[in-house]
Structures are given as structure tokens and as C-alpha cells.
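Structure record follows, encoded as C-alpha cells.
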Amino acid sequence: MDTGVRRYIDEHAGEFFAALKQWLTIPSISADPDRAADVRRSAGWLADYLRQTGFPTADVWETGGTEHPGLPAVFAHWPAADPAAPTVLVYGHHDVQPVEPLDEWDSPPFEPAERAGLLLARGASDDKGQVLFHALGLRAWLATHGAPDHGAPGHGAPDHGAGDAPPVSVKLIVEGEEESGSPHFAELLRRERDRLACDVIVVSDTSMWAADVPSMCTGMRGMITAQIDVYGPEHDLHSGSFGGAVPNPLHVLAGLLAGLHDGDGRVMLPGFYDKVAELTPAERDLFTRLPFDEKSWLATAGNSGAASGEAGYTTIERIWARPTAEINGMWGGHTGPGIKTIIPREAHAKLSFRLVADQDPADVPRQLRAFITEHGSPGVDVRVTVNEPGVRPSSAPIDSAAVMAGRRAMERAFGREVLFTREGGSGPEADLTNILGAPLVFIAVGLDEDRIHAPNERVDMGLLRKGAETAAYLLDELAGLGRPAVA
Ligand SMILES: [Zn+2]
């Protein structure tokens, strides 16, 4: 059965990559208002392709309203033959990042080029290639499970007519504004909650550890940002006439910022760690099996001189599984040439907090204000502005039925053990699980060296084929779980 899926994918790889290249010629840059028509064209292309693939439903969904028009998403649905079979919803996006600086591309970003097993184009890895492999995987499953002599694949795929419907209901939601911060996505999920109803959500928009170390992401950090403004005297003061006798807003701000962490690198906002889901020993153990070299990692960290962070955690644990408070910028007083001996009237800082499961960004404003009150600063006015709502963290626990099913599918495709990673960055994934009420599984075959968001974005064509294979086996694995087991 497995070799049948692989053979089908090998035999149809030519057609698949020809289609993908066609899609990649459409410059669907969501951040560029001049490209809105191209994003629309990209959505239309995908809906057409999915209909040709056999999806009975493949629609372009508009987002936003008349006041704030958005860019379209694509929804597709192929119901299972068995109405009691679980429903899987695949998430990805069809918009891409801007391409500047253009002169750093070896070939034009929207003229896909093949080189030594790599496909180069903007969007090849993030995320068009990873969206499209699901269609190939589904076709491969249908082709190898249609004839009765291929044997019964498990639950949910009755012997009769299994060839024209998948063993689980397959839905796709492919967003057109992910690279612009998904401004209308949560609203779209709420509006279409019924048509998007599902038992499990598969996200194909992340990466693996390495081509020879297949892995699954099990969570992404959330984020919320804030600004602190400290106001003192009505105007700058002469530091000789007043220095030492009134509070200096920059000193006050420096004190507050210095107090954000204790000596062990822990964030000092009251209650900040209350909801943090601690890593399990099993997960920490699995992390240690990833080939991680701190020296070369430090090189990728802009040649940072040393690793540093919360005591008691490794570097990858700090990035993936621990929350942070970072100062992104601070300013105030005299920064021009020469000297100006003043007590400045005001001081400012911008902060960002990365959050992990099960923290809630909505708790941070209260915690930050409590922290400022605790550090009482008489004689100055400290104002806090938090940019709500922020982004919620997402998680896919390694012992959940859905993640274990995804891991088995990936192990069948790669023929080796699949490890776990997480993502330090933030995305709209938490909205999916919170609004639709289904668990997440991250199935992706991108690599860090794919240069997503940078010139010369590429994808390993062999890995996209492995992705398609994984998608095909995943259908079996999820069908085998049945509905209550998935949920
Ligand atoms: Zn992406």
C-alpha cells in the first residue's frame, strides 16, 4: 500500500510541479496594495486547481467588509464516503512576502527555476508548495485505494466506492493575508465556523529540523507588544540647577526596564508564569536528541557573543517553550552631537512579550500595570499602552491522538523516527484551534535554509514529494482514529 502511494507520487510528480510552477508565477504579495489583483488571481487559480483535482467544492471567499476590504481566501471540501468519518481541515496561505531587494535574486522571483532538486521562486516553500502537496497526497490515496484488490485501508473507507472519496472528509482553508498579519482571518473563521467545522486541524506552514531529521512542530509562541512613556518636569531642566533634586524620567525608565528580569532571567511581571504549560520530561528529552550545535547557532544569531536567558533551560527550550520580555527600543533626552546637560522631560520604551501555551495575551496588560505600580515612581507619570489583542500561543501536545497520528504518517513517508520542535515565532494558528475548537497538528516539510521571506526562496522538491506522501498516509491514520478518538 505504501509503495503504491509513493509510486503514484513519483509518476505524477511532473504534472504536480508543472502546476505548482504555474501558481508560483502569480505575484500574490499581500502587503503590496498594487498586487491585490494578483492575490485575487492566485485564489482563483487555486480554486480552479482544486476543482480539477476532484474537490466537489472549491470556492473563493472574500474577507473584510466594505469599509476594510480584505484579500480572498480559498475554501475547499471533499466529503468522505462515510458521513461518520472525521473531518480534517488543512490550513495554509497563498499570499507571499515582498521580494525586495530584487537584485539579490539569482533568477526572477516569479519565474520558477529548477536547480539541483530545488525549486526556486517566491512562495515555493512559504507556502504554495506546502499547500499543494495535500492535493497530490489526496490523489495518491484515491488512486491506490480505489480498486478492491488493494485491500481495506481501515475504518472510514468502506469497500464500496472508496476510490472516489477520501476516507476522512477533507477541507482546506487557504488564507490570502497571512504575510500581512492575518487581519481578517479570525473574523472569517467566526463567520464560516459552520462550514469550517472539523475534528482536527493540519497546519502546513512551518519547517522541519533538517532534510535528514524529519520533525513536527508542536507549538508556536504568542506575542503582545507595549509602550511605556515616563513624563517628569514640564520641560527639560538644567542638570546643574536641578540635578539630584527631582526624579529623572530616563532613570525611572531604566530602573523599570532593569527590573523586568530577575538575576535568573525570569520575567518579573506578577502572575506572568501562572498559566505557563511546563515542558514534560519526555518533550525535554526529545529536544535533546535534535542535533543542535550552539556555536553555529550563535553564528546565525548575528554572531552573538554568548547564549543567555532564563536559568535552568537550554537555548532551544528558551526559544520554543519559555515566555520572554524584550526591550525593542528606548529613547529620550539628548542623543544629538555634543553635550547637553539636562534632566529630560520624558522617556520612552517599546517592549514585546513572547508567550507560550497556556498564557493569554489578554492577561499581560494587567500584569504590566501591576508591575509598574509595584515599582512606584513618585513624581513622574508612567503611562502604559498595550497593543491588544496580541497573538495567542498555540500548542499541539505530543501525546495528543492527532499529533501521534500525524507522526505515524510522517514516519511512514520518511522511513525514520520523527522528532519534535517548536516555533519561537507567532502566527494565526491559535485562532484556528480556539475558534473552531479542534486540535492542531503541524505537518510541514519546509527547511530553515529555504530562505523564506528572503531573496532566493527555494524548496526541496524531494521533500514536497515526502509531504504529499505524508498527507496520503495521514488520511489513513486519521480515519483509523475515528471521530471521538480524534477529538
Ligand atoms: Zn507561511
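Numbering (our numbering), first residue to last: 1 to 487.
Built from N, CA and C at the ideal position, the CB exists for glycine as well.
Pick out whichever of the options has its Cα sitting closest to the Cα of residue i.
i	options	result
D199	N303, V90, A47 and G424	V90
A444	I201, L481 and M216	M216
W78	R195, A121 and P108	R195
G244	E104, S107, I342 and L447	I342
A321	G329, N328 and G312	G312
P112	I26, S296, I228 and A81	I26
P543	A409, L290, G379 and A454	In this structure the chain extends from 1 to 487, so residue 543 is not present and cannot be described.
Y473	L142, G222, I327 and L50	L142
Y49	R318, I339 and L20	L20
H327	A471, S169, G65 and A349	For the sequence presented, residue 327 should be read as Ile rather than His. Here the closest residue by C-alpha is A349.
R483	V174, R412, S296 and A401	A401
M410	H184, G44, V202 and G176	V202
T315	L290, S426, E67 and G329	L290
G271	A18, V246, T300 and Q367	Q367
P101	P455, V459 and M461	P455
A36	S180, R115, R51 and A18	S180
A165	G263, Y273 and T53	T53
R412	D274, A471 and V459	A471
T300	N248, R451 and L189	R451
S239	E294, G302 and K340	K340
R51	T66, L138 and T280	L138
Do the CB positions of residue i and residue j come within less than 9 Å of each other?
i	j	result
V382	L256	yes
Y231	R345	yes
I398	F371	no
V39	P83	no
H132	F16	Per the sequence shown, residue 132 should be read as Leu rather than His. Taking 9 Å as the Cβ cut-off, L132 and F16 qualify as a contacting pair.
P56	A479	no
L120	D106	yes
R266	E310	yes
T63	K171	no
A438	A357	no
W297	A307	yes
P428	E178	yes
E11	M461	no
T433	S394	yes
H68	H184	yes
Since I believe residue j is in contact with residue i (beta carbons under 8 Å), could you give me their beta-carbon distance rounded to a whole number of angstroms?
i	j	result
F353	T324	7 Å
M223	L355	7 Å
D127	G92	5 Å
V384	A226	6 Å
S182	H134	Contact doesn't hold; Cβ gap of about 20 Å is too wide.
L447	M208	6 Å
G129	A43	No, G129 and A43 are not in contact; Cβ-Cβ is about 17 Å, not under 8 Å.
L237	V246	7 Å
A405	L481	6 Å
Between residue i and the rest of its own chain, which residues show a CB-CB distance below 8 Å, the 5 nearest in sequence each way excluded?
i	result
A47	A58, D59, V60, V74 and A76
G161	For G161, the predicted model reports a pLDDT of 41, less than 50, meaning its position is unreliable; a value from the coordinates is still stated below. So the list reads A81, once near-sequence residues are dropped.
G14	none
H375	G255, L256 and G259
L286	I398, L419 and F420
Q22	W45
Ignore the nearest five residues each way along the sequence and tell me which others in residue i's own chain have a CB closer than 7 Å to its CB.
i	result
I9	L136, A140, R465, A468 and E469
L250	G332, G333, P344 and A347
R6	E469
A85	G156, P167, V168, S169 and A479
V174	L46, A73, V74, G92, H93, H94 and V131
R407	M216 and V418
F242	I343
S426	M220, R221, G222, M223 and V391
A18	none
R41	I26
Verify the contact flag: residue i, CB atom, against every heavy atom of ligand 3, threshold strictly below 8 Å.
i	result
H93	The model depicted lacks ligand 3 and carries ligand 1 instead.
Starting from the C-beta of residue i, find all residues in its chain whose C-beta is less than 6 Å away, skip the five residues before and the five after it, and write them out in chain order.
i	result
E423	T206, C217 and M220
H453	Q97
V403	A396 and V441
R122	V96, V99, P109 and E457
N186	A small correction: the amino acid at residue 186 is Ala; Asn does not occupy that position in the sequence shown. Closer than 6 Å at Cβ, skipping near neighbours: D431.
D229	H348 and R383
H235	R345
P488	Any question about residue 488 goes unanswered here, given that the chain covers just 1 to 487.
- Query: Are there three or more Cβ pairs, one per stretch, closer than 8 Å when the stretch 350 to 365 is compared with the stretch 390 to 399?
  - Reply: yes
- Is the stretch 86 to 102 touching the stretch 19 to 33, taking contact as three or more C-beta pairs under 8 Å? yes
- Message: For the stretch 412 to 419 against the stretch 205 to 215, do three or more pairs of beta-carbon atoms, one drawn from each stretch, fall closer than 8 Å, so that the two count as touching?
- Response: With the cut-off at 8 Å, the stretch 412 to 419 and the stretch 205 to 215 touch.
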